[in-house]
Structures are given as structure tokens and as C-alpha cells.
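Trainee: Sharing a structure with you now.
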Amino acid sequence: MLENELSFVSLTRVSLNVIELNIHAKDATIVNNVSFSLPNGQLMAIIGGSGSGKTTMLNVLAGKTNSSINYDGEIQYSRDAAKEGSKADEKVTTAYLTQHDALAARLTCRETLRIAADLKLHLPKQERYSLVEELIAELGLRDCSETFVGDSINKGLSGGEKRRLSIAVQMIANPSVLFLDEPTTGLDAYSAFLLIKTLKKLCEHGGRTIIMSIHQPRSDILFALDQVCLLSKGFPMYCGAVVGMVEYFSSMGYTVPERCNPADYLIDICSVDNRTEKSTLDSEGRWNMFASEWQERCSTKYDTSKETAVISVDPSPPSVSILQQTFILTKRNFLLSSRDRLTLFAVQFEPVIVGIVVGWIFYKPDQTSESGLRTIAGALYIVGSIQGYLLLLLETYRLSELDIKIYDRERSEGCVTAFSYLMARRLSNLVQEDILIPLLFAIITYFMFGLEANAGRFFTYFGCTLVSHQTSVAVAYMAVSISRDFSKAGLVGNLTFTLQSMACGFFVNAEKMPVYVRWTKYIAYLWYTFSALMSNTFSNFGCHQINGSEVCTGDQYIDTFGIPKNWISVPIIITFCWAIGFYLVGLLFFQFKTVDVTLAKQVSTKKKNSNEEKDISVDTSNESVIVEEKLSNESITEGSEISIDLQDISLSVRQIQLFEISKKKLIGHSHKDILCSVNASFRPNAINAIMGPSGSGKTSLLNLISDRVCSNFFTKFNESGRIIFNQQPVMKSMFKSVCCYVSQDDNHLLPNLTVYETLKYAARLRLSHHNESRIETRVRTLISDLGLKNCANTLVGNDLIKGISGGEKRRVSIGIQLLTDPSVLLLDEPTSGLDSFTSSTIIELLKKLCQQGKTIILTIHQPRAEVFADFGNVLLLAKGGRVAFNGYPSAMIEYFNKEGFTCPQLTNIADYLLDVISVNIQNYENEVSSKERVNALIEKWRVISSKDVRNVNPTMTHSEFTSLFAQHIRHHASVLVAYKVCLSRQFKVMTRNIDSCFARLAQVPGMAAILTIYFAPLKNNFTGVMNRLGLTQQYTSLYFCGMLLNLAVYPAERDNFYQEFHDNIYGIGPFLCAYMTLEFPMAVLSAILFSVLTVMGIGLPRTAQMLFISMYCSFIITTCGEAWGIVVNTLFNRPGFVVNVVSIILSISSIMSGILSLNMPKFWKGLNYVSPVHYTSMILINYSFPDQMKFTCNDGGRNSDGSCLFNNGRDVIDNYGLHVNTSVYLGVLAAVWVVYRIIPYLILKADLELFKR
């Protein structure tokens, strides 16, 4: 095979010595007494079972520790003084590959690497890009070099391709020391082997020191390593040269069998098997012997007296200047935003829609009346606040949920600074957002408001919208720098903006607000913006002569707000300074506050559960047999086994792509064949495996036959072929009703539940026809069978909460589907990310199920040799979804032998056959020869399979299928059971997530506290009238609070529900009812606290009636905001788009409530009758101004004859035209609320049952 050469420049050679390393986390010791010596130019792997401490040890070696982890012992990086001629202070670079890929979804593979090269390499452009092309070829990325990375919404690279790309991003920096955490996760056997060959080449030719953790190395990968550290339960079983490892264990009586992968065998014998009491005792005894033997050997093994130059190794500082970083990041950001056309369209079209709506609502009011002047003031407040607030929400979500993850990775790599990231983000958005959005909004609203046609006043108006926009974006930047979690960042941003609204002078008179908060107007940028807008609009406005002196109505009006005449330039400059200040605060937080991943705590359960946990290790072997027999007797009767045949299965996809700029098309189309005429047979009583390299369509085949391939408006899947059960063709929906599906990712698992709780809740839903004790027994048995006993009370965890390992998550996902003992079980990569011991336990469990007559179909990347031999049937797919073989493993070996492909000795036959049907695209010569080989094999099998007899029976009807396969069909949990389980689970998740729970409870009362500070006490004068109007308007802000609460909680619950809905466990009703059951008490509690503060504290009429009216209205507004959140989060998965759409809807509703614009056009008045905030505003105003309430006018508000404009509450209602029948409005509001709760149900039902079919 022709080998590529990589043109990396020479680097500093670094060796590593580790002496008696112990790693501690809180009260637990994770890694115990590890010592080894790794010379430069060598490749080392840390191997072991899931949870053995591999990733933690790698993190400590790389210096990636956090506050919850500490260690003792010595970690010495050194340069060999005798061999190195480099300077002592020469920079030593490192790189670290995490388990999770953090890549920009809308960059191609080549673009991602070029940008990484631009950021990390100080080389000429031609050399940088030449190195990129070499890495693309070396890592097998040529076929996908122009493919977008993609994400869960927009499909792009496969999981294996993303992994290789992440490795290339780290390798591009040419580090002296390279750390890789599970680099082969998601790769097929051939790709994994080529990757390790590349790493070995980098060590040998460049002198790099490479350390990686790996779960399941194949034999040729193992012997390509120089050193290995085998961990089990945090203790070293062996740390040293690979060539001596087999001999070391042989000396203790454990000889590796001839046709077995040594890594698989050694991990097996060093693991503790706690499935039964006997296996636990035997394996623990063996483990104790290995651990004590190695501790004795390593105590005298390492000689530390050799003269070395100890150096400090940290993540490399930026290789390019801040100016170059800014330029590169700006170019990338501009590219990403221009490709996210849906969000870009929404962001740029939003000011047009909102501008037209706002302009129409406030369209040219009467500028001579009191209500007209109030309407103009309301319009100017909206201008100063609305656009900025919408961008505050959007930017907070975009940063916290999407963009900041890439920044955190690049910052940890040392190639990006906080300053360059900020400057690049602002420069890339300068034209597309920061200037365009305020300009469009200003042009539309200025002239629709009917303001003075004066160029100077217009550009001042535009300047105010510009600085308001910029300052709000700066607040979002600061909020995300304080917390990456959207619920916390949203709380910071929302309360900050509430403070701005209170102190701006519109709702509470700036001159008359309480003295203890009057100073806050000086720290409220919105007060400066609003003052500049008011002064710009009303200074020298409406002037006329009275008794020879000039009197200006506008001057008098702004004087009631405490705003000086012609006070414009200073407030605009101060607002801009506030923007800079917020950016500086954000920079400081980004610079000094790093992202911290905390370890999950062990969750203490009730005493009963802890006792049960002890019983697991005592009785599980018997329980397992009993449960399996019982379930088997229920489901298996004579002739009930299901044989599955696939006949001419094909799948292709056609995608509509908007705004194809490169092809100069408004709408473009792309077509791809995923599966091509797949014919296969899957039999019961044996494991059926689908094998193939990445991109061969393995997952797509499982998705297709299980009816999980869903078209939408932009993506259309074309399917053909037939699925046959026991010689009877069936529809995909019938197949779905009898099968269980374990998907490849575990994102649906709720991070705040323990392993035991996750399985227990799943069992209560799936086994609802069993009694509680039997459900408990089944859960405990599965925990034991799956090897999850040691982590049963550990939280599942996520990116921010370090919980169980990736392998343990995989087993939890499998366990959920095994609960029902399904007749047909589909598993997508069930052993991906698992060590060899855990993989073998999973396969053994599946073999037991097969013996009960189950039909099990799984996709698999790297089966062990003994596992491959146990497969009942193998479907071998080549890239492009083409069949290379289908049949028994023994027949497969014989077939390929006849074709001239004989497996070498001491090589896993499965790995070898995958190598044979894989295309090597590292260079052109290898690609041509391997493609010819693969195409010839595919054509040969096509000719052979074309001779098979085709099934021509008609497809079964639903009634026929039900009668024949009734015992196999899975049924819904009852509505009541599903509701109870969902309610209990959601409550536990909510109470465990203290941060989100606090944010949920604190937002509404926190807003009430701010309102109380600013409005209390209300007085019975003209200022008091204005303040009461402002206070009732502030109730509409609860609409936004409801939406934010939903965004913080609903998406995770939705994803978990989607998984269970597709598993046909329960319907939409129980899920939404449980969600609302938890939502309502919290909303009621928030409403009570809110109303107590606003009514009793501020001084709205202090009556029981007013208190209950306030509680009623605030509850309605908050829950209707949550309803909007459910609707839009159901329709759209793109976070930025969701936030923008919901914010526009709620903003328009708040503006239309009837208080800001007192002379709305009839169209908007009619539309207002479907808005709950209109009813709540009118109800609150009418109850806030009772007829008997008296007002004075010493502070303003007089008629021309000197009489008071408002003498009592009735005068206020009549003057502004706000009188309504409150009894009718209260009843209609309840009806509107019911409709708002029904709409989410209908939307969710349509989305799942109609649009996604």
C-alpha cells in the first residue's frame, strides 16, 4: 500500500515520566498509584473498561483539571538534554481531543481545517493549505471534503467522519504532545486502523509523544502501540511496553488464546464481573492479584535518576496575532451566518415585520391631544426598547446554545482570545445585523409615526436605535460570559432589561420615582436612549404665541417626564459608553471564568431502595432466570418466531436548498442514493449483524424498516422495496409495532436522573400491565445483567454535569428497550464506545434473548472474532448502501476465500473483511485500486443474489397482521399510568435541576420586586395616574417570562418524549398534561408572590378583589407565554429561529395590549380580541381606577382653564377610552386561556402524526 508523507515542520521532542500518580475527586480516589515512563516519539494508549478512570487520567496528564479534581504524585515533561539542540525556552505545544466533537455545523470539512490552520500555524498560506490537503487524504476525508459538518437538524458528515475531522483539527497545530480521548469512537474498524497508523507515523517521523484513551483496540492497533496502560477500577494492571504485556500476564497463568485479540482478552480478565455472586467473587479475587502484583513490580521499575531537563507544558498560546485571529474569525462568522439562511432571513426580515406592525399600531396619532401625545411617547419607548430586547434574547440563545461551545474549545486550545472572538463577532455582524436592522426599523417606523420630516431629526432617531441595539447585544454577551446555561443567562438578561424599563422614565416618572431608586436612571442605558428620542421629537414642537411669548407644547410635555430640552448628544454618547462597558465586563468574565465540568454526585435513595440495591449482588442470577423464563413463557409459543426478509430495499434523498449563491440559484436541489437494492434475510434464534464502513447506510437501513425515515418540506425521501414477515409482506408501520429500536445516540436520556431511576421510570411505562414488585425485579435484573450495579445511583449527566461514562449511557439505552422483552429488537451500534468486556456482556445478553426466539438485528463497526463467529447472519454493506454479502459467517469466510481474500493468522476475521470492502482514499493510487476491488465484489454478489426467488404474495392488511402477530404487538401504557409516570419523572428532574428550578421560581417574583422598588408607593396625583398606567403595562412582560421559562425546560422534555412516542409507549395527552400539572402550581405560586408585591406593596387598590384579579391575570399571562413557547418549540428545532419568532409574537401582543397605543387602527383592535394580554390589561386598568378614587393635579395634568384633567378614576378611564365590561372580559379571558392550552396539543399532534409521516 502506498504511504503518504506529511510535511510537518520539525518540533521539540518531549518525554513524559509519571511517578505514583493518585487522582482524587471529593471523597473518592479515581486513579491509584500509576507510574510509567514514555520516551518521545512513542504512542501510548490507556485502555480499560468503562468507568476505569481513563478520561480522568488523560485530563490530569494534559493539565485539564477543574476545581473538583486534585492529584498527588509527579508528572514530569522533559526534553532530553543530550539529544536536543533547541533552546531551553523553546515553546512546547500540546493538543487535546475531547470525547465530544465541537465543530461549526455550516462549514465544510476543508473549510474547518483551513480555518484551524490559519489560526494555529505561522506558515505561508500555500504551505498551510498544502498540509490541510495532506491531512484530508491521510485521514480518509477526501470524499467528504466539500460536505458540511452538519448537526442533528441538517445532516452532514457521519459520526466517524466528524471524529476524524476533530482529530485533524488537533493535528494541524503540529503539537509536541498530543492527547486523544477515545479517538476511534464512531469509526469503523478499517478507518480506526488507518487512523492509528497515521498517529504511529507522526510519532516515528516527527518525534511526537501521543497519549490516547481507547476502549476496544483491534489486535493490529494494539501491536502498533509502543506502550499501554491497562486500568481497572482506577488501579493499574499493567503499564509498560506492549511487547511485554502478553508475556507478563502469561507469567501469572493467563495466556492469550491463539485466535483472540489480546486487548479484548486482557480487559476481560482484569474486569470485575458482578452479574452473579460467583462471578463477582472469582473476578474480584483475580483483580486483587493483578493489582497487588503490579504495585510490587512498579515500586522498583522506574529509574528517575536520569538527567533530564524538566519543562512546563501548557496549552499553546496563540500562534497568530490578535489582528490575524480577528480577521480569520470574522471571515468564518460571516460565512456561517450567510449559510444559516433561515435564521439570517428571520433576523433581517424581523425589523421589517415588527417595524410595519409597530408603525401601523401607532400610525400618525393626533399630535394635539393628551392621548395622542401619550401614544407618541409610547411609540418612542417601543423604538428605544423593542428591537434591542428582541436581539438581547436572540443573541443570548445563539451564544449559549450554539456558538460559545466552539469558542470554549478553541480557547482551551490556545488559538483564540476573548478579545479576538468579541471583535470578530461584532465585525461579522456589523453590516448584516448591527447597522441593517436598526436602519430598516428606523426608516419604517419614523415615517409611519408621522414624525417631523427633518433629516437631522431622522438621523438622530436612527442613531438612538443603533446604540440601543448595540447595547442590548452587549448585555447578552455579558450574560453568557457569566453563565453558559441559557436559563441563567436569560435570567441575567431579562432582569437587567426589566431594570432598564423601570428606570427609563416612561412607566415611572424619572423625576418623581422614590428617592432610593432615583439614582438608577443614571445607570440605565434605556433612560438615556428614551430621553434622547423624546428630546429629539418634542423639543421646539407645537410652538405658538401666547401673550407675545412663545409656548411649545412639546417642551411642556417632556418637562413632565423630567427630560431637558435638546438633550440629545450627551445621552447617545453615554449609551454607547454603556455598550463598551458591558463588553468589557463580558471580556473579563470570558478571560478569567473558565468552563467547569463538575463530577456527578451519588444520589441517595430511600432506605428501601438501598436495601434492594444490596440484594442485587445476592439473588440476581436466580432472578434473571426466573424473570427471563416468565417473560419467555408469556411471549414465546409454538410458531411465534419471526423471520424477516428484505426485498429490493432502496432509499434516496432529494433536498431543496434555498439561496444557492454559489450556483446563482434561488432554489437548488441535491440528490443522493443511500441504499441500493438491498436484499437480506434475518432469522430468529441468532444475532443478525449489519456490517460495513462509515457511510454504507447501516443506520439508514434500520431507520427505514422501522418507519423512522421522515420527509419534510425541504427533504424528500424516496423509498422502495418490501419487508416480509414469515413469507408475508408487511408495511413499515406494522414492523414498527412489533420492534424495539436502540438508537445510536443517547441524547434522549435525562441528565438529572440516576441510572436506576431512568430504568425504573421506563419500566413503569413499558411494563404497566405488571405489578410493582415484578417491575422492580426486572429493573434490578437488567442493572445486574448490563453491569450497571456500580453506577446505579449515579446521575446520567451531560456536558455540564459529569455523570456516568459514555459506555454506561449506551448500556442504559439498551436496557430501556430490553425491558419489554421484544420479539424484534433493532440496535444501532450497541457496542460503540464500549470496552471489550462490556461489549461481550452485551452480546452475551443478546444471545440469551435470541435463544428465546427473538429476532435481533444490529449494526456493528468492530465485532470481536468470537462475537463474529456467533452471528447467525451477516449483511455486509459497502459504501453507498450496496450489498457485498449476506449469509452465515462461515459461508462468508468461504466465499471470500474463493475470491482470493484469505484472512492472515492472528487477525480478527471481521476486521479483515471490513478492510477488504473499504475504499482507501488516502491517495489517488490506493483509491483507484481499492475501488476496483470493491466494485468487483459488489457486482459478483449482485449476480449471485439475482438468482434468488422473489416473494410475490400481497401485502397483509392490518386486520390480518393483528390476528397473526397479536402476541408480538407492543401496546400503549394507559393514559392514567403514563400521566402518573411522566408527572413523577418530570417532578424529579425539575427538583434535581436546582438552577433551572430557581430560575423558574425567581423570574416572575424577581420582576415584581423590581416593580415594587420603583413604583411604591403610588400617589393620587397626575404622576400617580401615569405610573398606574405604566404598572399595568408592565404586567404584559410576564408574557416573555413564560416564554423564557418554557425555553429553559421544555426542549429536553420534548426530546425525551419524542423518543418514547416513536417507541409507541404513550401519546401526546399524558405528556402535555404532566407538563402542565407541574407548570400550573409554579405559575400559581409565582402569581401569588407577584400580586402580593404589586398590589399590597406598590399600592394598587389594597382590596381582596384587586389581589385576586392580579393573581388571575398574572397567572393567565405567564401560562399563555409558555403555551407560545411550546407551539414554536414544536414547530421549529433551530433555537435562534424559535427565539426570534416567539419574541416577535409576544412583543406585538404586548404593544397591542391597548395602553401604549390609545388610537389603534380597527384591524389591530379586532386582532386584539384573540390576545390574552389585551383582556388582562383592560381588566387591570378598570380595577386599578375605581370611580371613588380621587386625584389631585398640583404636579401637572390641568386643562386650559386650570381645572384638573383627572378628578377621579372614572375620568382616567373615560379620557383614554379604556372602559370595558370587566365581568364579560373575565369570562372571555378564561375561554381564551383554554384555547391557548388546546393549541399546543393540536400543534404537537399534527407535527408528530401528520407532518412527519
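In UniProt numbering, the protein residues as written are 1 to 1253.
In this text, a Cβ means the ideal position worked out from N, Cα and C, and glycines have one as well.
1. Let me confirm a value: G1217 is counted as buried when at least 16 other C-beta atoms fall within 10 Å, else exposed. Which label applies?
2. I'd like to know if the segment 268 to 277 and the segment 323 to 335 are in contact, where contact means that at least 3 CB-CB pairs between them fall below 8 angstroms.
3. Helix, strand or coil: how does DSSP classify H968 here?
4. Run the CB neighbour count on H958, radius 10 Å, all protein chains shown included, and call it buried at 16 or more, exposed below.
5. Rounded C-beta distance between L759 and I783? I'm assuming under 8 angstroms.
6. Quick one, which of P438, M502, F327, V1232 has its alpha-carbon nearest R425's?
7. Relative to the C-alpha of C1041, which candidate in I47, A1008, L875 has its C-alpha closest?
8. Would you call the segment 1046 to 1056 in contact with the segment 1095 to 1103, where contact means no fewer than 3 C-beta pairs closer than 8 angstroms?
9. What three-state label does DSSP hand I994 in the structure shown?
10. Does DSSP classify M1026 as helix, strand or coil?
11. With a Cβ-Cβ cutoff of 7 angstroms, do V517 and F1015 count as a contact?
12. Just tell me which of F1022, S232, W294 has its CA closest to the CA of S251.
13. Distance check for E410 and V796, CA to CA, integer angstroms please.
14. What runs of the beta strand (DSSP E), each 3 residues or longer, lie entirely inside the segment 41 to 79?
15. Could you spell out where the beta strand (DSSP E) holding G872 opens and where it closes?
16. Going by C-alpha to C-alpha distance, which of F1057, N1064, D1063, L1085 sits closest to C1073?
17. Rounding to the nearest angstrom, what Cα-Cα distance links K87 and L21 in this structure?
18. Should Y1236 go down as buried or exposed, given a rule of 16 or more other Cβ atoms within 10 Å for buried?
19. Per DSSP, which one or two residues make a beta bridge with F235?
20. Using the C-alpha atoms, what's the distance from C109 back to I921?
21. In the DSSP assignment, find the unbroken beta strand (DSSP E) run with F717 in it and report its ends.
22. Around the Cβ of residue 1314, are there at least 16 other Cβ atoms within 10 angstroms (buried) or fewer (exposed)?
23. Check each candidate in L1244, K233, S1143, Y1241 and name the one with the smallest Cα separation from N494.
24. Just how far apart, CA to CA, sit T1077 and G240?
25. From this set, C791, I1088, S1171, which residue's C-alpha is nearest A1123's C-alpha?
26. Residue range of the alpha helix (DSSP H) that residue 1272 falls in?
27. In chain order, what residues of the same chain have a beta carbon less than 6 angstroms from the beta carbon of G207, not counting five sequence neighbours either side?
28. Determine the burial state of L430: buried for a count of at least 16 other Cβ atoms within 10 Å of its Cβ, exposed for fewer.
29. Note down the Cα distance separating I860 from E146, rounded to an integer number of angstroms.
30. Can you tell me whether V952 is buried or exposed? The criterion is at least 16 other CB atoms within 10 Å of its CB, across all chains shown.
31. Note down, in chain order, each residue of its chain lying with its Cβ closer than 7 angstroms to the Cβ of L914, except the 5 sequence neighbours on either side.
32. Going residue by residue through the segment 801 to 832, where are the continuous alpha helix (DSSP H) segments of at least 4 residues, counting only ones entirely within it?
33. With a 10 Å radius around its C-beta and 16 neighbouring C-beta atoms as the bar for buried, classify T991 as buried or exposed.
34. Taking a contact to mean a Cβ-Cβ separation below 7 angstroms, would you say G355 touches S468 in this structure?
35. Out of S50, A1230, Y888, which has the shortest C-alpha to C-alpha gap to L230?
36. I'd like to know if the segment 529 to 540 and the segment 550 to 557 are in contact, where contact means that at least 3 CB-CB pairs between them fall below 8 angstroms.
Mentor: On the basis of the data shown:
1. exposed
2. no
3. helix
4. exposed
5. 7 angstroms
6. F327
7. A1008
8. no
9. helix
10. helix
11. no
12. It is W294 whose Cα lies nearest to the Cα of S251.
13. V796 and E410 have their C-alpha atoms roughly 27 angstroms apart.
14. 43 to 48, 69 to 79
15. 871 to 878
16. F1057
17. For K87, the pLDDT reaches just 49, beneath the cut-off of 50, and the residue's location in the model is therefore unreliable, although a value from the coordinates is still provided. Those two C-alpha atoms are separated by around 29 angstroms.
18. Flag for Y1236 reads buried.
19. S232
20. Spanning the two alpha carbons is a distance of roughly 15 angstroms.
21. For F717, the enclosing beta strand (DSSP E) starts and ends at 715 to 725.
22. The question about residue 1314 has no answer here: the residues shown for the chain are numbered 1 through 1253.
23. Comparing Cα-Cα distances from N494 to each of L1244, K233, S1143, Y1241, the minimum goes to S1143.
24. 58 angstroms
25. The candidate whose alpha carbon is nearest that of A1123 is S1171.
26. Since the first and last residues shown for the chain are 1 and 1253, residue 1272 lies out of range.
27. R13, N40, G41
28. exposed
29. If you draw a straight line from the Cα of I860 to the Cα of E146, it comes to about 27 angstroms.
30. exposed
31. D188, A189, Y190, M691, P693
32. Runs of the alpha helix (DSSP H) spanning 4 or more residues and lying entirely within the segment 801 to 832 occur at 806 to 818, in chain order.
33. The residue in question, T991, is exposed, as its Cβ has fewer than 16 Cβ neighbours within 10 Å.
34. no
35. S50
36. Three or more pairs of CB atoms, one per stretch, sit closer than 8 angstroms, so the segment 529 to 540 contacts the segment 550 to 557.
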